[in-house]
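Participant:
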Amino acid sequence: MEPSQETASLVKRLAGPSIGKAGLAKDQADINRIIADASKGSKFYENEKKKDQELTKKIEQMLKLRDELTSGADMQKVEASVDQLLHKLESQRDLSQTIVHFDLDSFFASVEVLNNPELGGKPFAVGHTVVSTASYEARKYGVRSGMASFIAKKLCPELIMVSHGMSEYSDMSHKVMAICKRYDPQMCPAGCDEGYLNITAYCAEHDMSPDACVEHLRSAVYSETKLTVSAGIAPNTMLAKICSDKNKPNGQFHLPFESEAIVAFMGDLSIRRVQGIGRVSERLLDSIGIKTCGDIFTYRATLSLMDKQFGLMHLLRTHLGIASNSVQPPQREERKSIGAERTFPPLGDKQKILEKLHEVCVELESDMEETQWTGRTITLKYKLDTFEVFTRAKSSTRWISKKEDLFAIGQELLLPELPLTIRLIGLRVTKLKDLYGPDPSIGIKRFFDTANGSSSPNKKRKLSASDQEISCETTSNIEDLPGPTDDESSNPVPNGLEATKPTSTRSRKPESKPRPPSVERERHICPVCEKKVAIENDAFNTHLDSCLSREAIREAQAESSASAESRTSPKQGDIWERWTKMTPGSRNSRK
DNA sequence: GCGGATCAC
DNA sequence: TATGGTGATCCGC
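Add 1275 to the 1-based position in the first sequence for my numbering, that's all there is to it.
(1) To the nearest angstrom, report how far apart Ile1684 and Met1462 are at their CA atoms.
(2) Do you know offhand how far Leu1285's Cα is from Gln1328's?
(3) Specify the secondary structure class of Met1483 as computed by DSSP and reduced to three states.
(4) Can you pull the DSSP bridge partners for Cys1463?
(5) Using the Cα positions of Asp1378 and Ser1519, report the straight-line distance between them to the nearest angstrom.
(6) Just reading off the beta strand (DSSP E) that Phe1619 is part of, what are its end residues?
(7) Of all the options Glu1499, Val1496, His1633, Ala1495, which has the alpha carbon lying nearest to the alpha carbon of Lys1678?
(8) What are the start and end residues of the alpha helix (DSSP H) that includes Arg1457?
(9) My parser needs the beta strand (DSSP E) runs of 3 or more residues fully inside the stretch 1644 to 1677; what are they?
(10) In the structure shown, what three-state DSSP assignment does His1439 receive?
(11) May I ask you to list the residues that DSSP assigns as paired with Val1405?
(12) Please report how far the alpha carbon of Gln1359 lies from the alpha carbon of Pro1531, in whole angstroms.
(13) Would you list the one or two residues that DSSP bridges to Asp1870?
(14) Cutting at 8 angstroms between CB atoms, please list the residues of its own chain near Glu1687, excluding the five before and the five after it.
(15) Evaluate the contact criterion for the stretch 1602 to 1621 versus the stretch 1689 to 1704: three or more CB pairs, one atom per stretch, below 8 angstroms.
(16) Are the beta-carbon atoms belonging to Val1489 and Ile1517 less than 8 angstroms from one another?
(17) Would a C-beta distance cut-off of 8 angstroms place Met1436 and Val1386 closer than the cut-off?
(18) Would you report the Cα separation of Ala1465 and Leu1472, rounded to the nearest angstrom?
(19) For Ser1545, list the residues DSSP reports as bridge partners.
(20) What is the DSSP secondary structure of Arg1698, counted as helix, strand or coil?
(21) With a 10 Å radius around its C-beta and 16 neighbouring C-beta atoms as the bar for buried, classify Tyr1416 as buried or exposed.
(22) Is the CB-CB distance between Pro1510 and Gln1372 below 8 angstroms?
(23) Compare the C-alpha of Ser1534 against each of Thr1282, Lys1324, Leu1361 and name the closest.
(24) Answer yes if the stretch 1587 to 1604 comes into contact with the stretch 1554 to 1573, meaning at least three C-beta pairs across the two stretches below 8 angstroms, and no otherwise.
(25) Using C-beta distances below 6 angstroms, list every residue in its chain close to Arg1288, excluding the 5 sequence neighbours before and after it, in chain order.
(26) For Val1555 and Pro1292, what's the separation of their Cα atoms in angstroms?
(27) In the DSSP assignment, find the unbroken alpha helix (DSSP H) run with Gln1303 in it and report its ends.
(28) Nearest-angstrom Cα distance between Phe1383 and Leu1340?
(29) May I ask you to report which of helix, strand or coil DSSP gives Leu1361?
(30) The ligand SAM and Thr1567: does any heavy atom of the ligand fall closer than 7 angstroms to the residue's C-beta?
(31) For Tyr1411, count neighbouring C-beta atoms within 10 Å of its own C-beta (all shown protein chains included) and say buried if the count is 16 or more, exposed if not.
(32) Which same chain residues end up closer than 7 angstroms to Gly1396 when comparing Cβ atoms and leaving out the 5 residues on each side of it in sequence?
(33) Nearest by alpha-carbon distance to Ala1313: which of Ser1438, Leu1430, Val1375 is it?
(34) Starting from Phe1319 and walking both ways along the alpha helix (DSSP H), at which residues does that stretch end?
(35) Taking buried to mean at least 16 other C-beta atoms within 10 Å of its own C-beta, is Gln1626 buried or exposed?
(36) What is the rounded straight-line gap between the Cα of Glu1797 and the Cα of Asn1600?
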């Protein structure tokens, strides 16, 4: 056998991001070999190789830095100071909430089997050029989500490819989410096939153990949809998510709610399993000796010296198994961007490329109209036939949402870059403004559409701070309340410095966790919906606008039972839209 | 504010 | 023959 040219890291990289997340098959080395061979020579392969080599170089530099930092430091002393931090973190551990993460088993594939029982027991995959979901039979061959279909075929020649049935997935997902909401009305969906619940109240009210509650949930989902779901039960979202994988498929896992057991559980857990640590961070950490969450403790002094590179606090919390235990549905006003992008066979002709840009503009306009957003900053994204990705952005003084405007700015950004051979074009709009209202003719649009427009004569006529105060203070409620009740978003890992000093020692219900000063944001309670809202950057304006509009809807409906629904529907829409649009041309049903 | 990178799903 | 789309965040400048 000829020795392969690839480094171990490249072979692993080519196997895709989902490998290493799940348990790896015993013959994973053979599988990786097949994947690398099938990829070899392609532009995709060359780009992956380039990225892999750049990362290797970055690691070399990082190790040099580590040696400099550690050689000049009193490691014992550093360790002692980290141990103090650990002690402080441990003292803040909150085991009072019961958090559940649920996850439908191979969701798309399971729905396909329901609709076409012939597929049962066969190796098949949902997707077109790329595998979205593989059936468990296909996974035995090494077929994984995100894998190019032609590679999946090489791994499993009998593989059946099935195209997406998005509307069916949509229906099923809605059903499942509705069932889960019975156990916590504040359920937070995390995509179409998973989500988080806080079942503390439900268990208390129904005098039920967490295990029984989750059994009940899973059996309800199965009896009402014939879909199986796995779940994890733990004191916070990070642990619950990890636990839901433990007895997959169709199982549940309950982590003991005890500090020692939790730290032991984390001890031999691969660092890759924790949210926010992807393939790159895995390699970076591996290079300094960290493979498991237990290794974080071993190398705590090094991590402390390299806080900037690794984010010490987050890793310490991870080692201890401490994370947010707050579960909240996403808020509409939290949205930061809306965009569209499309891949196509590589094009070099300027006119053809502009046609693609136009198509993207048409789609984006339609999405922005449907979801009632407008924005000021346009970012063009393009991918060359070499798979290299670039972005170019431009901020406008006007609110952009029409395809003509999108296209004009898109062209302005793209034309100076040409000539190029391009395989993907995308546009994204940021600096958003919410236009959501019950009726566009009487909605926010009418009052504020021209408010910030440079073309508008009454310039800067936007709802100012003093305007806010009027509407808010008359309802007498705007005051800094006892601090944020949830913070610590379940968002990606901050890979940077975190405060070592609590800003507050006040304890509160879901979790008492100090917020780093650098992240401290002012929040006020909205007089309408009584939720806390960031006050800066127009966010409060935006929120209040939409909230008042929703209030108007509710009053018009004069139907108290519908009020909760009407308040939450826009948020759900956002999440929904996020995954509904996962695949191009599959919004409706398959062909 | 911009551009590159990383990550989740 | 052939490797997705949406959205978020962070860092360095």
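Backbone N, C-alpha and C define an ideal beta-carbon position, used for all residues, glycine too.
Facilitator: A quick look at the data gives this:
(1) 39 angstroms
(2) 8 angstroms
(3) coil
(4) Tyr1471
(5) 7 angstroms
(6) 1612 to 1622
(7) His1633
(8) From DSSP, Arg1457 is part of no alpha helix (DSSP H); its letter is neither H nor E.
(9) 1648 to 1659, 1664 to 1675
(10) coil
(11) Ala1423
(12) 25 angstroms
(13) Because the chain here runs from 1276 to 1866, residue 1870 falls outside it and cannot be looked at.
(14) Lys1669
(15) yes
(16) no
(17) no
(18) 11 angstroms
(19) Thr1567
(20) strand
(21) buried
(22) yes
(23) Leu1361
(24) yes
(25) Glu1323, Asp1327
(26) 10 angstroms
(27) 1303 to 1314
(28) 46 angstroms
(29) helix
(30) For the ligand SAM, the structure offers nothing, since it holds no ligand at all.
(31) exposed
(32) Glu1412
(33) Leu1430
(34) 1318 to 1346
(35) exposed
(36) With a pLDDT of only 36 at Glu1797, under the threshold of 50, the placement of this residue in the model should not be trusted; the figure read from the coordinates follows. Spanning the two alpha carbons is a distance of roughly 21 angstroms.
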